[in-house]
Each structure stands twice: as C-alpha cells, then as structure tokens.
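Structure first, then comments.
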Amino acid sequence: MAATDASPDYDVIIIGAGMSGLYQLYRLRELGLKVRIFETGTGVGGTWYWNRYPGARFDSESYSYAYSFSQELLDEWNWSEHFAGQPETLRYLNHVADKFDLRRDIQFRSRVTAAHWQEGARSWDVTLEDGSRHSTRFLITAIGPLSAPTMPRIEGTDMFRGESFHTARWPHEPVSFAGKRVAVIGTGATGVQTIQEVAKTAGHLTVFQRTPNWCAPLHNRTIGAEEMATIKAGYPEMFKRCQETFACFLHTPNRRRTFDVTLEEREAFWEKLYAEPGFGIWQGNFRDILVDRAANAALSDFVARKIRQRVKDPKVAEKLIPKNHGFGTRRVPLETRYYEVYNQPNVLLVDIKETPIERITPKGIKTSDAEYEFDIIIYATGFDAITGSFDRIDIRGVNGLPLKDKWADGPQTFLGVLVEDFPNMMMLIGPHTALGNIPRSIEYNVDWVTKLVRFAEDRGLTRVAATEAGVKSWTDHVKSLGIGLLSNEVDSWMTGVNRNVAGKQTRIIARYSGSAPAYRERCDEVAAKDFQELALA
Ligand SMILES: Cc1cc2nc3c(=O)[nH]c(=O)nc-3n(C[C@H](O)[C@H](O)[C@H](O)COP(=O)(O)OP(=O)(O)OC[C@H]3O[C@@H](n4cnc5c(N)ncnc54)[C@H](O)[C@@H]3O)c2cc1C
Numbered sequence: 000m001a002a003t004d005a006s007p008d009y010d011v012i013i014i015g016a017g018m019s020g021l022y023q024l025y026r027l028r029e030l031g032l033k034v035r036i037f038e039t040g041t042g043v044g045g046t047w048y049w050n051r052y053p054g055a056r057f058d059s060e061s062y063s064y065a066y067s068f069s070q071e072l073l074d075e076w077n078w079s080e081h082f083a084g085q086p087e088t089l090r091y092l093n094h095v096a097d098k099f100d101l102r103r104d105i106q107f108r109s110r111v112t113a114a115h116w117q118e119g120a121r122s123w124d125v126t127l128e129d130g131s132r133h134s135t136r137f138l139i140t141a142i143g144p145l146s147a148p149t150m151p152r153i154e155g156t157d158m159f160r161g162e163s164f165h166t167a168r169w170p171h172e173p174v175s176f177a178g179k180r181v182a183v184i185g186t187g188a189t190g191v192q193t194i195q196e197v198a199k200t201a202g203h204l205t206v207f208q209r210t211p212n213w214c215a216p217l218h219n220r221t222i223g224a225e226e227m228a229t230i231k232a233g234y235p236e237m238f239k240r241c242q243e244t245f246a247c248f249l250h251t252p253n254r255r256r257t258f259d260v261t262l263e264e265r266e267a268f269w270e271k272l273y274a275e276p277g278f279g280i281w282q283g284n285f286r287d288i289l290v291d292r293a294a295n296a297a298l299s300d301f302v303a304r305k306i307r308q309r310v311k312d313p314k315v316a317e318k319l320i321p322k323n324h325g326f327g328t329r330r331v332p333l334e335t336r337y338y339e340v341y342n343q344p345n346v347l348l349v350d351i352k353e354t355p356i357e358r359i360t361p362k363g364i365k366t367s368d369a370e371y372e373f374d375i376i377i378y379a380t381g382f383d384a385i386t387g388s389f390d391r392i393d394i395r396g397v398n399g400l401p402l403k404d405k406w407a408d409g410p411q412t413f414l415g416v417l418v419e420d421f422p423n424m425m426m427l428i429g430p431h432t433a434l435g436n437i438p439r440s441i442e443y444n445v446d447w448v449t450k451l452v453r454f455a456e457d458r459g460l461t462r463v464a465a466t467e468a469g470v471k472s473w474t475d476h477v478k479s480l481g482i483g484l485l486s487n488e489v490d491s492w493m494t495g496v497n498r499n500v501a502g503k504q505t506r507i508i509a510r511y512s513g514s515a516p517a518y519r520e521r522c523d524e525v526a527a528k529d530f531q532e533l534a535l536a
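Quick note: the sequence shown, position 122, residue 121 per numbering that gives the first Met the number 0, numbers continuous.
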C-alpha cells in the first residue's frame with residue numbers, strides 16, 4: 000500500500016528484534032494493535048544474536064539483566080552462571096520469543112534502509128533493503144546503542160588470505176584456534192573477552208593495542224540449583240533494588256567520598272571491591288571517583304598496582320596501564336585472568352601507538368617496524384555507538400529533514416524518546432536515555448512508549464510530536480548533567496568519538512548521565528500530565 004493511502008499497513012513498525020524490540024512487540028500486542036518487527040538478522044536476540052565471539056558474556060549479573068515483566072518466565076528460567084555466556088543469553092531470548100509466540104510478527108532478513116515521514120497521511124513510509132515499502136502510523140526504533148559494528152580504517156583488509164572476523168559479525172559455526180597464529184586488533188570490553196578466551200587454545204596470539212583500558216576482575220561462578228532457588232526467592236527485592244540504584248545495577252555508589260576515610264580504610268575498601276564479582280569497583284565505589292580528579296587518580300593508582308602485580312614483565316605491565324584516562328572514565332571491561340594472558344610465552348602485545356599498523360597484507364599485518372604473519376585476524380574494533388545505528392538508516396522527518404542533519408552537532412531529544420520534527424517516531428534506548436544495566440531501562444522505556452501509544456489510540460490522535468521547547472529543555476538538562484564528569488573529558492564511545500568513523504572525532508553528549516530514578520521521575524511526570532508537554536493532534 001502506498002504511504003499516502005488513508006490507513007497505513009501497520010499501527011506500529013518496530014525496527015529491531017533485540018531485548019527492546021521483543022518486549023515492545025509483546026506490550027503493543029496487548030493493546031490489540033497491528034505490529035510488525037523488521038530485523039536484519041535471521042533470528043531474535045540483537046546483541047546476543049550478533050556477538051558470538053569466543054568469550055562473549057555478561058558484565059551485568061545474569062538475573063539482574065533478565066526481563067522482569069513475567070512472573071512465569073522468572074519462575075521457569077534458571078541461569079547457570081552469575082555472568083552468563085552469550086549462548087545461554089541467546090537461548091533465553093529465543094525462549095522468550097517462543098513462549099510469547101513473538102515470531103509470527105517478526106520479519107527477519109529485513110534491514111530497514113529508509114523511513115520517511117508523510118505529513119499528509121500522518122504515517123511513516125518504511126523501505127527495506129529488498130525495496131519493499133510498508134506504511135505505519137507509529138515507528139519505534141529498537142536498533143541498539145551498540146549494534147553498528149566498525150572496522151578499523153586500515154588499508155588492505157580485503158587482501159588478507161587467511162580468515163578474518165569482526166567480533167560482532169561472528170560466524171554461526173565454531174572457529175578453531177588450535178595451533179593457529181591469531182591476531183586480535185582492539186582491547187575494549189569485547190577485545191578483552193576475546194583475548195582471554197583465544198589465548199587458551201591459539202598456537203600464538205598477537206594483540207594489537209592502541210589504547211589500554213582499565214579492566215577489573217569479573218569473578219564469575221556457576222549457580223547451582225539451591226542458589227538459583229534462593230535468587231528466585233529474592234527477585235522482588237532484587238528488582239526493587241535495581242529500580243532504586245543510580246544506574247539500575249545491583250551496585251550503587253557508596254555514600255562516602257574517597258578522602259573521607261583513612262588511607263588504610265580506603266585500601267581495604269578497594270581490596271574488597273577488587274575481590275568481589277561484577278561492576279562493584281566501578282558502580283559501587285566512593286561517590287566521587289568519577290568527578291574528583293585526586294580521588295580518581297588514587298583509585299587508578301590502586302588498580303595500576305594490581306596490574307603490575309599480575310603481569311610479570313614490567314615493560315608489558317606498563318603498556319597495559321592506561322595513561323590517558325583514569326579508572327572508570329571509559330567503559331570498564333570485566334575480565335577473567337586477562338592480565339595473566341600476557342605471561343604466556345605464546346602471547347605478544349604490540350603497542351600500535353609506538354609502531355602503528357600500516358596495512359593488512361595478504362599474509363598478515365604490517366606495522367611500522369615488522370610484518371606479522373597470521374592464519375586468523377580478529378577485529379575487536381567495536382561499534383559506532385549510540386547514534387551509529389540511526390546514521391545507517393535514511394530517516395527523514397517533516398519537510399524531508401534528515402535526522403542526521405538534525406543531529407549534526409549531537410543528538411537533540413525529548414526524554415531520549417522523541418525528536419522534534421520526527422512525529423510518531425519513538426526511540427527505545429536511544430541517545431539521552433538512562434542506560435546502565437540496560438534491560439531495566441528497556442522495560443521502563445517500553446512501558447512509557449506503550450502508554451503514549453495507548454493514549455494516542457484512545458483519543459484518536461494521529462500525530463504525536465516533541466516540541467521545540469521540550470527538546471531544548473531536555474537536551475540542555477542532559478548537557479548540564481555531563482558538566483564535571485571526568486568521563487566527558489575523555490575520547491570514547493561514551494562521548495561519541497570513534498576514530499574509525501568519519502565525522503565522529505569531536506566529543507558530544509550522547510548519554511544521559513543522571514540517575515535512572517531521576518530519569519523515570521521526569522518521564523512519569525510527563526505521562527501523568529496526559530503528555531501535554533507534547534504537540535498532540
Ligand atoms: C558484547 C556486548 C556485551 C554487552 N553486555 C552488556 C551487559 O552485561 N549489561 C548490559 O546492561 N548491557 C550490555 N550490553 C549492551 C546491550 O546492547 C544491551 O544490554 C541490550 O542488548 C540492547 O538491546 P536492544 O534491543 O536495545 O538493542 P540490540 O540488542 O542491539 O538489538 C538491536 C537490533 O536491531 C537490529 N537493527 C539495527 N538496525 C536495523 C535496521 N536498519 N533494520 C533492521 N534491523 C536493525 C539489529 O540487527 C539488532 O538485532 C552489551 C553489548 C555488547 C555489544
């Protein structure tokens with residue numbers, strides 16, 4: 000049907016079948032709406048469908064990450080580890096899709112290439128890669144903050160004669176490293192997980208590092224039947240806690256400041272955090288470690304000492320200690336014997352700031368001082384984060400305005416959900432929303448968007464849009480929250496910088512850095528006042 004016809008093909012089109020899209024579909028079906036998901040992949044799961052690289056696993060506690068909306072689902076699902084591996088999470092999301100019969104409204108192998116607003120019809124005209132077009136009253140993006148992989152800007156990647164993989168486009172068949180010469184480029188959270196796993200079996204592993212990150216131990220453990228029963232009994236309390244903490248994790252900042260306590264107390268506290276599972280050392284530390292330079296330097300010094308203790312060769316240890324940013328100002332990779340990998344005789348660390356990669360050759364990788372031969376090259380070079388998945392779709396609003404132009408100087412949103420001049424488009428986990436332990440934010444985001452759609456349906460509204468004033472005030476608020484944060488003084492995906500993507504060399508405020516409870520309070524207020532802060536027609 001052409002987009003200008005009176006009634007659109009769908010009430011709602013959702014782009015993406017990850018955790019956000021699946022739950023959004025479930026909720027909208029409850030309203031009796033005609034909903035369709037278009038998904039690039041061949042299956043559900045988003046992040047957990049694509050990231051099949053060796054060692055991929057949670058940094059959130061498994062049970063705190065899972066959906067909380069269905070008691071039956073909570074009762075029947077058992078997690079085998081405190082931080083589950085990717086295969087288990089993918090099984091879980093497939094189970095969710097089956098249990099709630101979600102697949103019948105999901106069209107796989109269907110990448111959305113364009114979405115254009117049609118003012119006359121008050122609908123969106125959505126185009127897929129195969130050229131087919133579909134119209135919809137509402138368009139919901141569930142395209143992920145970390146779903147647009149980036150390759151390094153190095154010449155010759157297509158020349159290599161061995162096997163090469165990007166971690167987020169890993170094959171569905173197993174890849175063997177036994178006896179092979181393997182290269183990993185990249186040492187972010189994904190690189191760290193990959194390296195520590197590949198090092199177990201590779202004949203020889205060479206790690207190409209541009210920027211070391213501050214990593215901390217994961218301390219993963221299996222969960223037995225008895226422990227799982229205890230965890231289940233504590234679900235109501237646990238989810239309540241996640242609603243109350245700063246970033247929806249089980250961990251939340253300590254009330255004290257770093258220098259409120261003696262040196263001995265401080266060191267003892269940090270030793271305790273370093274020995275505990277999960278993000279405690281990042282999210283549950285003294286409350287000033289990410290804003291006070293001296294506090295951050297003291298903590299960084301503590302973690303640097305740990306790295307020196309764990310890595311035998313002092314020169315290698317120094318290379319692994321970040322010098323251009325403090326602990327926690329970039330995403331902290333959690334690791335399991337990552338640093339010990341560099342004590343293995345078959346592992347080499349190449350600092351590509353000292354000896355830059357010049358090109359990929361048919362046999363391997365050429366740096367400024369050597370040519371290395373490989374059987375396998377792994378690109379752990381991450382994502383064009385937060386706005387990247389939007390940039391890859393030709394989204395046009397009122398008067399054909401491209402979203403990319405609208406956001407040329409950084410995202411501008413209302414509550415991270417709506418954009419002025421892009422009516423009837425809602426974003427899940429878009430820029431300017433609370434992230435943290437993301438599924439907790441997903442459930443909130445989806446429930447809020449569902450309320451808005453129901454509100455519009457109940458009143459026969461066909462145009463729902465953010466106002467200029469609303470967008471300005473939320474965007475200013477998000478920017479003001481970023482003032483004084485040490486993380487905003489550092490280049491990283493969290494500040495929108497990606498040296499592999501043209502036009503993304505300048506830091507922007509793409510993330511909401513206030514507390515999740517404060518975010519929800521503001522969104523609740525807008526909903527409670529019948530969305531009158533929006534332009535409704
Ligand atoms: C390796 C890794 C580990 C992570 N670990 C954690 C963790 O421990 N804790 C945590 O809270 N978060 C973690 N995250 C973040 C994770 O992305 C979120 O937790 C969550 O999975 C996001 O779900 P989503 O549905 O919003 O997005 P995604 O899971 O990214 O799903 C988006 C979907 O949209 C599809 N899509 C995108 N563009 C299009 C298009 N144009 N057309 C059609 N389909 C499209 C994609 O194919 C994808 O399937 C991790 C991310 C990665 C990459």
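Every residue, glycine too, gets a C-beta built ideally from N, C-alpha and C.
Just so we're clear, the structure is a prediction, and the values are computed from it rather than from any experiment.
Which of the three DSSP states is assigned to residue i in this structure?
i: D4; result: The predicted model places D4 with a pLDDT of 48, which falls under 50 and marks its position as unreliable; any figure quoted below should be read in that light. In the structure shown, D4 sits in coil (DSSP, three-state: anything other than H, G, I, E or B).
i: M493; result: helix
i: E275; result: coil
i: P235; result: helix
i: G84; result: strand
i: R102; result: helix
i: G363; result: strand
i: S388; result: helix
i: R35; result: strand
i: Q343; result: coil
i: R521; result: helix
i: T41; result: coil
i: V397; result: helix
i: V94; result: In the sequence on display, residue 94 carries His and not Val. Correct three-state label for H94: helix.
i: D300; result: helix
i: P410; result: coil
i: F268; result: helix
i: N253; result: strand
i: F382; result: strand
i: V500; result: coil
i: V349; result: strand
i: A534; result: strand
Check this for me: beta carbons of residue i and residue j, under 8 angstroms apart or not?
i: P410; j: A509; result: yes
i: R256; j: R286; result: yes
i: L30; j: D104; result: no
i: S6; j: F245; result: no
i: T193; j: P53; result: yes
i: V174; j: A96; result: no
i: T149; j: I14; result: no
i: I375; j: E162; result: yes
i: R391; j: W116; result: no
i: W213; j: V315; result: no
i: N284; j: G325; result: no
i: F248; j: N436; result: yes
i: V470; j: P422; result: no
i: E442; j: Y91; result: no
i: I351; j: F207; result: yes
i: E419; j: A465; result: yes
i: K73; j: K231; result: Looking at the sequence itself, residue 73 is Leu, so the reference to Lys does not match. Against a cut-off of 8 angstroms, the Cβ pair of K231 and L73 comes out as a contact.
i: P438; j: E243; result: no
i: V349; j: T205; result: yes
i: F176; j: T200; result: yes
i: L289; j: S486; result: yes
Is there a C-beta anywhere in chain B that falls below 8 angstroms from the one on residue i?
i: R498; result: Here chain B cannot be found, since the structure has a single protein chain.
Quick test of your reading: residue i and residue j, contact by CB under 8 angstroms. State the CB separation rounded to the nearest angstrom.
i: L460; j: L535; result: 5 angstroms
i: Y371; j: A182; result: 7 angstroms
i: T380; j: N499; result: 6 angstroms
i: K362; j: R160; result: 7 angstroms
Ligand 3 and residue i: does the residue's C-beta get closer than 7 angstroms to at least one heavy atom of that ligand?
i: V310; result: In the structure shown, ligand 3 is absent; the only ligands present are ligand 1.
Item checked: Contact the segment 204-219 vs the segment 268-282: 3+ CB pairs below 8 angstroms -> yes
Note to self: Please give me, in chain order, every unbroken run of the beta strand (DSSP E) with length at least 3 that falls completely inside the segment 191-230.
What the structure shows: 203-208
Note to self: Ignoring anything shorter than 3 residues, give me the beta strand (DSSP E) runs that lie fully in the segment 417-481, in order along the chain.
What the structure shows: 424-426
Next item on the list: Assess, as a yes-or-no matter, whether the segment 444-454 is touched by the segment 486-501 under the definition of 3 or more beta carbon pairs within less than 8 angstroms.
Entry: no
Checklist line | Length at least 4, wholly inside the segment 108-188: the alpha helix (DSSP H) runs in chain order | finding: none
Notebook entry, point to check: Are the segment 157-172 and the segment 45-60 touching, with three or more C-beta to C-beta distances below 8 angstroms?
Noted result: yes
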